[in-house]
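Every letter in the sequence shown is one number past the one before it in this note's numbering, and letter 47, counting from 1, is 65. Glycine residues also receive a C-beta, built at the ideal position from the N, C-alpha and C atoms.
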Amino acid sequence: MQIEALKALVIESLDDIKAKDVEVLDVSRLTSVTDWMVVASGTSTRHVAALANSVITNAKEQGVQPLGVEGDSGADWVLVDLGSVVVHVMMPDTRALYDLERLWSDLPSDSPAPEEEAKA
């Protein structure tokens with residue numbers, strides 16, 4: 019599955035179950051682990067688990083097997099690794115504590131900017 023289609027599938031899966039504050043972060047220039055991170059909040063641990071399950075179920079229906087799922091036992095923070103897209107579904111307090119959006123936006127990139135690559 020193409021990255022854009024996978025990202026759209028994740029966002030639709032989260033929207034279907036009424037995720038709160040969905041943020042999509044392009045981290046492709048910051049890490050080789052993944053290209054995109056999607057961060058969303060749930061209103062309860064049960065909601066967080068349902069959101070993650072929606073992503074997992076819809077991905078599998080499209081032939082994408084998650085590489086890993088972490089945190090589904092406590093459901094304060096569930097991570098779903100789909101390879102090119104990593105999904106973090108969190109309770110609002112946990113999300114505020116770790117502030118992934120700020121963390122990933124503040125990291126310097128080891129990759130040259132596109133205009134620097136063109137000059138090389």
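Candidates the options, of which the one nearest residue i by Cα
i, options, result
"Glu30", "Val87, Leu69, Leu48, Asp90", "Leu69"
"Trp95", "Leu121, Asp33, Gly60, Lys38", "Gly60"
"Arg113", "Leu100, Val56, Arg47, Val73", "Val56"
"Asp33", "Ala93, Ala58, Val45", "Ala58"
"Ser62", "Gly92, Val104, Glu119", "Gly92"
"Lys38", "Met109, Tyr116, Ser123, Val82", "Met109"
Own chain residues within Cβ distance below 7 angstroms of residue i, not counting five before or after
i, result
"Gly89", "Trp95, Val96, Leu97"
"Ser102", "Ile21, Leu24, Thr52, Asp53, Trp54"
"Gln80", "Met19, Leu27"
Contact set for residue i: own chain, Cβ-Cβ below 8 angstroms, skip 5 residues either direction
i, result
"Ile74", "Pro84, Val87, Val98"
Exercise. Of all the beta strand (DSSP E) runs that stay within the bounds of the segment 27 to 100, which reach a length of 3 or more residues?
Worked result: 38 to 44, 54 to 59, 86 to 88, 95 to 99
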